[in-house]
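With positions in the sequence shown counted from 1, the corresponding number in the numbering used here is that position plus 16.
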Amino acid sequence: MRMRHGLVLLLLLWLPFPLLAQGFDLAERGRQLGLDDPLAFATTVEHVCRDRRLPDRYVTKEEARRLGWEPGQDLCRVAPGRAIGGDRFANRERLLPEAPGRVWYEADLDYACGPRGPRRLVFSSDGLVFVSVDHYRSFCLVPCPQP
């Protein structure tokens, strides 16, 4: 019986590695998470994983304010096609893994004008990527695609 449990555990630990090695379908992961625009999610995650920064369509809150945006307003009024992202995320609740020197950043997901929704991409300075679909109450790890 103990041997069978050990084999099951070994199988469960081993299975993710071939899946990651073959590539991870980020758009499919976005659909599983219930995102409205899984292709934009995939493109953003690929960019963050490769360059450790967001695509140029993202502006920080400070950059948005300089364009005339105020929190609670529609960003599209002053910056059509842009989304809020790139600000530091404090991880006050300690729901994300901590490490010396690690800095977390946040970005809106599924923004298409109007009020900002609850969906966020949160990524670290050392290459970790998470998604929160419930405004930081919970997080789901998103593996970076293999080159």
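Virtual Cβ for every residue (Gly too), placed ideally from N, Cα, C.
Bear in mind the structure is a predicted one, so any value in this text is a computation, not a measurement.
- Look up TRP120 in the DSSP assignment and give the residues it is bridged to. PHE105 and SER140
- Task: Give the C-beta separation of VAL145 and LEU137 to the nearest angstrom, bearing in mind that I take them to be a contact with Cβ-Cβ under 8 Å.
- Result: 7 Å
- With DSSP collapsed to three states, give me the class of ALA115. coil
- Paired residues, beta bridge with CYS156 - DSSP: VAL147
- Task: Please name the residue in ARG81, VAL147, PRO96 and VAL94 whose C-alpha comes closest to that of TRP120.
- Result: For TRP120, the closest alpha carbon among the candidates ARG81, VAL147, PRO96 and VAL94 is that of VAL147.
- Query: Quick one: is ARG47 near chain B, going by C-beta distance under 7 Å?
  - Reply: This model lacks chain B altogether; it includes just one protein chain.
- contact_flag[the region 101–111, the region 122–141] where n(CB pairs < 8 Å) is 3 or more: yes
- Message: Let's see if you can read the secondary structure: which residues bound the alpha helix (DSSP H) around THR59?
- Response: 54–67
- Item | Pairwise C-alpha distance: PRO161 and LEU42 | 8 Å
- Query: Which same chain residues, not among the five before or five after GLY50, have their C-beta less than 8 Å away from its C-beta?
  - Reply: VAL149
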